[in-house]
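Below you'll find the structure, written out as structure tokens, and then a few comments.
Numbering (our numbering), first residue to last: 15 to 140.
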């Protein structure tokens with residue numbers, strides 16, 4: 015069964031960069047993109063993705079708020095918060111909701127620990 019990754023970022027370029035890094039690690043994983051938190055929630059209601067990469071700095075709500083909502087809807091889904099805003103408070107809040115933290119710019123090297131862990135969780139959970 016293919017793995018679907020939801021990539022949420024209000025920057026199209028950032029979504030492209032994240033998708034490219036992900037494709038280097040897991041070329042067979044399918045990608046679904048959302049340009050806003052509202053669009054992401056719409057996608058999740060229509061099809062439950064297996065993994066989410068969520069930007070922290072978005073206009074209508076921050077990525078941690080969205081990740082919290084996703085956690086309620088899909089409690090087992092691996093979620094990573096992606097941001098250049100590396101503050102202890104943000105990292106701590108991400109951990110509180112069970113989300114990983116990946117610094118921007120997203121590279122395959124930076125994403126690899128999260129993707130490996132997500133793949134392991136998905137294999138053991140299926």
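Even glycine gets a Cβ: it sits at the ideal position worked out from N, Cα and C. This one's a predicted model, so the numbers in the text were calculated from it and none came from an experiment.
For residue 111, no beta strand (DSSP E) segment is defined, and its DSSP state is neither H nor E. Residue 75 is not bridged by DSSP to any residue. Comparing C-alpha distances from residue 19 to each of 89, 48, 27 and 75 shows the shortest one belongs to 48.
Taking C-beta atoms under 8 angstroms as the contact rule, residue 112 and residue 85 qualify, at a distance of about 6 angstroms. Put simply, the backbone Cα of residue 100 is about 16 angstroms away from that of residue 121. The Cβ neighbour count for residue 123, taken over all protein chains shown within 10 Å, is under 16; the residue is labelled exposed.
Taking a C-beta distance under 8 angstroms as the contact criterion, residue 69 and residue 96 qualify as a contact pair.
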